[in-house]
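Everything on this sheet refers to the single structure shown next.
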Amino acid sequence: MSHAKRIRELILRLARLGASASWHDDLNPAQASALGYLARANRFSRAPSHVADYLGTTRGTMSQTLKALERKGYVTEARSETDKRSITFDLTE
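All the letters of the sequence shown, read from the start, carry residue numbers 13 to 105 under my numbering.
Here it is, written out as structure tokens:
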């Protein structure tokens, strides 16, 4: 095995260990990351596609993550008055 491949594997292992340690209360790492993004995002950047792009995941995965956060009471969903297909998420208190 090449040194570069071994280093890459070790970095990925460290990242997985860090992610597993980042479970907090009832939030998994993806949910915590999404909340962190929404806390910093302006009102124009709170669509599921924006969160997914920032976190490097798919839109479908992020939609499920945001729906879980809504069920847990961390965010609320808001549909655009002019385009009912457009959804944004806001943090709750």
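Glycine included, each C-beta is placed from N, C-alpha and C at the ideal position.
1) So does the stretch 52–61 actually touch the stretch 89–105, counting three or more Cβ pairs closer than 8 Å?
2) Give me whichever residues DSSP pairs with ARG25 in a beta bridge.
3) Under the assumption that THR77 contacts ALA42 (Cβ atoms under 8 Å), give the Cβ distance between them as a whole number of angstroms.
4) Would you call the stretch 23–41 in contact with the stretch 61–70, where contact means no fewer than 3 C-beta pairs closer than 8 Å?
5) Suppose you measure from the CA of GLU21 to the CA of GLY30; what does that come to, to the nearest Å?
6) So, for TYR158: in the same chain, excluding its five sequence neighbours on each side, which residues have a beta-carbon less than 7 Å away from its beta-carbon?
Quick answer:
1) Between the stretch 52–61 and the stretch 89–105, the count of C-beta pairs closer than 8 Å reaches three or more; the two stretches touch.
2) Walking along the sequence shown from the start, residue 25 turns up at place 13. Answer is none; ARG25 lacks a bridge partner.
3) Position 65 of the sequence shown, counting from 1, holds the residue named residue 77. Position 30 of the sequence shown, counting from 1, holds the residue named residue 42. With a Cβ gap of about 5 Å, THR77 and ALA42 count as contacting.
4) As far as the Cβ criterion goes, the stretch 23–41 does not touch the stretch 61–70, which means the pair count is below three.
5) Mapped onto the sequence shown, residue 21 falls at position 9. Mapped onto the sequence shown, residue 30 falls at position 18. Taking the straight line joining both Cα atoms gives about 14 Å.
6) Shown here, the chain extends from 13 to 105; a query on residue 158 therefore has no answer.
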